[in-house]
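Student: Residues in the sequence shown are numbered consecutively from 11, following the numbering used here. Structure incoming, see below.
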Amino acid sequence: MEQRFMEMALELALEAAEANEVPVGAVIVKNGEVVSSARNRRNELPDASAHAEILAIREACKRLGRWNLSDCELYVTLEPCVMCAGAIVYSRISRVYYGAKDVRFGCCGSVLNLAAEPKLNHRAEIVGGIMEEECLKPIREFFKKLREKKPF
């Protein structure tokens, strides 16, 4: 695992936080080279599917000219949700490295492990906890600020 790719994903997550988006960043790598990268943009676009992983997968498919990303790996700061785990399976990404667990929505081991479900025709290898504290910090700060803004 290359820490530099998770560091790149973390930089994207911090950019997302600056744009008032949930701070998640993703980087797709093929043969040690970055193919695509993205950050959450749900509010900005507005698009419910504009998660960092989905946007990075779309860009990688476009750049490589194919939907099959079986020779690619995904680095993402937060454990993918069910939608993103589904996209990982459908795009055939070989390995997912994630930073922080998502105990409420995570589908790469926390709530479910859809990306490695044996009943599906493709499974991604999952490696979690990469730079976990660094990836969790902006998420905690983002939601703390959000709670402080809401009147009770």
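No residue lacks a Cβ here, since even glycine has one placed at the ideal position from N, Cα and C.
Distance, Cα to Cα, alanine 70 vs serine 104?
Tutor: C-alpha separation (whole angstroms): 14 Å.
Student: If you follow the alpha helix (DSSP H) that glutamate 28 is in, where does it begin and where does it stop?
Tutor: 13-28
Student: Residues bridged to valine 92 by DSSP?
Tutor: Valine 92 pairs with nothing; no bridge assigned.
Student: Between leucine 24 and the rest of its own chain, which residues show a CB-CB distance below 7 Å, the 5 nearest in sequence each way excluded?
Tutor: Pro33 and Pro148
Student: Tell me where the beta strand (DSSP E) around lysine 40 begins and ends.
Tutor: That run of the beta strand (DSSP E) goes 35-40.
Student: In whole angstroms, what is the alpha-carbon distance linking valine 113 and leucine 146?
Tutor: Roughly 12 Å separates the two Cα atoms.
Student: Is there contact here, the stretch 148-159 with the stretch 119-127, by at least three beta-carbon pairs under 8 Å?
Tutor: no
Student: Strictly by DSSP, which residues pair up with isoleucine 136?
Tutor: Isoleucine 136 pairs with Val106.
Student: Could one say the Cβ of valine 34 lies closer than 8 Å to chain B's Cβ atoms, at least one of them?
Tutor: Included in the structure is just one protein chain, with no chain B present.
Student: By a C-beta neighbour count over all protein chains shown, 10 Å radius and 16 as the cutoff for buried, is serine 47 buried or exposed?
Tutor: buried
Student: Once you ignore the five residues that flank alanine 97 on each side, which residues in its own chain have a CB closer than 7 Å to its CB?
Tutor: Glu63, Ile64 and Ile67
Student: Residues in its own chain within less than 7 Å of arginine 73 by CB, not counting five upstream and five downstream?
Tutor: Val45 and Ser46
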